[in-house]
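Numbering-wise (the working numbering), the sequence shown opens with residue 212 and increments by one. Comments concern the structure below.
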Amino acid sequence: MINMYNDIIELSKRRGFFWPSFSIYGGFSGFYDYGPLGVLLKENIVKLWREDYLEDGAIFIDTPNLTPEPVFKASGHIDRFSDLACECDKCKTKFKLETVLKYNGINAVPKNLDEANEISSKNNLKCPVCGNIIKRVYDFNLMFRANDMYLRPETAQGIFVNFKLLYNYNKNRLPMIVGQAGKGFRNEISPRQSLIRLKEFNQCEIESFFDPDSLEFKELYDYFPVKLLPNTGDVYKKTVKEAYESGIIPNQAMAYFVLKTQRLLNKIGIKNEMLRFRQHMPDERAHYAADSWDAEALIDDEWFEIVGIANRTNFDLSNHGNNSSESMTVKIGEKEVIPYVIEPSYGIDRIILSVMSQSFYKRDNGYNVLALNEYVAPFHMAVFPLLKKQKLQEKAKELFSNLFPKDKYIIYDDVGSIGKRYARQDEIGTPYCITIDFQTLDDNTVTVRFRDSMQQKRILISDLVSQENPLSALNALKIVQ
Ligand code: GAP
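Pasting the structure below:
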């Protein structure tokens, strides 16, 4: 088995992408910090998401993390946002019930606490840690509570409760696309695999509001085929447009957001052969969803949900309309409707882990490479003096300060040997290294070294610094090399 995951975890901590939070106090599972490079990578991904949805006329808001109880009473999260859980009386370990069922070789998926108790009492479930028989099965609400407030488990509700203000801002027009990037919080019973299941995580959510009689958005276009797993058990490799035309994806707006998500994930660096869209089985859907398609990415040999695309119907708006002072009805011509919502919800932490592991490889000499593309790489280019000689350092710093006003994602490095510096930049995903050497002092040329091919090309400094966008100039060089 290939194991990129462990390499990524090790690299991330050593190089400053991400690491477990509060580790000097022993660490607390489910919390991770982003380090200096992780912050840049994360912001680049959020920027791509925002710009991609601006193309669709999206508007964005920013609402509080702490949310009053009535909001989650109406949204169904207080009553239904829970996992079936169990606890061992002896070793006190808490588990998701599904983990214990799997460990005990039981294939059942209980739908509620009664069914869970029945299965548990019939089967003498053994604790996976100490082997004791587990007696206590319970419903565990996943929200963190603070007095009469809750930390939001999704950013979406902040958009739904503001629907009328946003609709007014949008000049009373549908479809209306609203986005929010922010933190989500879930008291996960068993946080796992670093960024995969966190208690505090980063979401970029889009709520798109439609006339229920017209779940249609912009025209679908031809794009690369991708693996599609509808809940009929069939498996297809088709373009999303073909999947919609042949009825595999049931409505046009859903197909549009699946296609958009595929294209955005590709732009971030997720590969089509390591991406699939899987439709939820009816008993797997969240309490608010009538249909859901997950974008799943391959990390090593395991598929992980990274984006959830749900048809939330008018579940949320109707409930807020019924429980607050605001009617969520809008007038479209002669009819009054409560809009339907299609929601692509992007988990940024899981996208980061996926793109890092899918971009990672080892050269024959064992050195690591993170082949991030220029849209997401923390730095576009690095500038080095070949040796730590004053004249070379001065010239390299001069080049750095001439490039910096045009591209802030540039780093100067003169620590260690040139070989070590190339290796360091390869490992953090920098596509280009520019080296000042003794020839530079004579003829004002530098070497550009390309991360992926490791080839080098000599160019005039003036050809680089005269460009408005030095990165584009380097990209053009790469194409003709
Ligand atoms: N508003 C809909 C919603 O929250 P979801 O499928 O529960 O849907 C959307 O979450 C995305 O958020 C997931 O695809 C995943 O990438 C991310 N996510 C959810 N829970 C997470 C957790 N505990 N840790 C890290 N990411 C999580």
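Note that CB positions come from ideal geometry on N, CA and C, so glycine has one too.
Alpha-carbon to alpha-carbon, residue j and residue i
i	j	result
Lys-573	Asn-579	5 Å
Asn-334	Asn-315	9 Å
Asn-522	Met-465	7 Å
Glu-453	Pro-436	9 Å
Lys-337	Ala-593	55 Å
Thr-304	Arg-403	15 Å
Tyr-380	Glu-456	34 Å
Phe-595	Asp-674	18 Å
Ser-401	Asp-294	11 Å
Leu-248	Ile-639	8 Å
Leu-597	Asp-663	20 Å
Phe-229	Ser-538	44 Å
Ile-479	Gly-246	19 Å
Glu-495	Met-360	28 Å
Asn-525	Asp-445	29 Å
Asp-648	Gln-678	22 Å
Leu-476	Lys-482	8 Å
Glu-399	Leu-312	18 Å
Met-212	Phe-242	Because the pLDDT at Met-212 is just 42, under 50, the model does not fix this residue reliably, and the value given afterwards should be weighed accordingly. Computed Cα separation, rounded: 27 Å.
Tyr-620	His-591	6 Å
Met-354	Pro-681	47 Å
Glu-605	Phe-611	10 Å
Pro-493	Asp-325	20 Å
Gln-490	Arg-561	19 Å
Gln-666	Asn-462	48 Å
Ile-270	Pro-555	15 Å
Gly-532	Arg-397	26 Å
Ala-500	Gly-287	12 Å
Lys-159	Phe-420	Here the chain covers residues 212 to 692 and nothing more, so residue 159 does not appear.
Leu-252	Arg-226	13 Å
Thr-472	Ala-506	8 Å
Asn-352	Phe-283	12 Å
Ile-256	Phe-488	20 Å
Residue i beta carbon near ligand 1 (any heavy atom closer than 7 Å)
i	result
Ile-407	yes
Arg-397	yes
Thr-594	Before going on, a small fix: residue 594 reads as Val here, not Thr. Every heavy atom of ligand 1 is 7 Å or more from the Cβ of Val-594, so no.
Ala-392	no
Arg-168	Because the chain spans 212 through 692 in this model, residue 168 falls outside it and cannot be assessed.
Gln-473	no
Ala-367	yes
Ser-556	yes
Gly-640	no
Ala-521	yes
Asp-560	yes
Gln-414	yes
Val-518	yes
Identified DSSP bridge partners for residue i
i	result
Ser-536	Its beta-bridge partners do not exist; DSSP assigns none.
Glu-496	Inspection of the sequence shows that residue 496 is occupied by Arg rather than by Glu. Answer is none; Arg-496 lacks a bridge partner.
Phe-242	In the DSSP output, where bridge partners are listed per residue, Phe-242 has none listed.
Trp-504	Gln-490 and Ile-520
Phe-421	Tyr-551
Phe-428	According to DSSP, which records beta bridges pairwise, Phe-428 is partnered with nothing at all.
Thr-199	Since the displayed the chain opens at 212 and closes at 692, residue 199 lies outside it and no answer follows.
Asn-413	Lys-394
Ile-543	Lys-546
Glu-513	Ile-510
Phe-233	DSSP lists no partner for Phe-233.
Arg-225	In DSSP, Arg-225 forms no bridge with anything.
Tyr-434	DSSP output for Tyr-434 lists no bridge partner at all.
Lys-449	Val-437
Segments of 3+ residues assigned as beta strand (DSSP E) that fall wholly inside the stretch 337-398: Listed in chain order, they are 347-352, 360-362 and 387-396.
Beta strand (DSSP E) runs contained entirely in the stretch 545-616, provided each spans 3 or more residues: 546-548, 551-558, 571-573, 579-581 and 592-596, all fully within the stretch 545-616.
List, from N- to C-terminal side, the beta strand (DSSP E) runs of 3 residues or more that fit wholly inside the stretch 649-674. The DSSP assignment places 656-661 and 667-671 as complete runs of the beta strand (DSSP E) inside the stretch 649-674, in order along the chain (cut-off: 3 residues).
Beta strand (DSSP E) runs wholly inside the stretch 252-331, at least 3 long, in chain order: You should have 277-279, 293-298 and 305-307.
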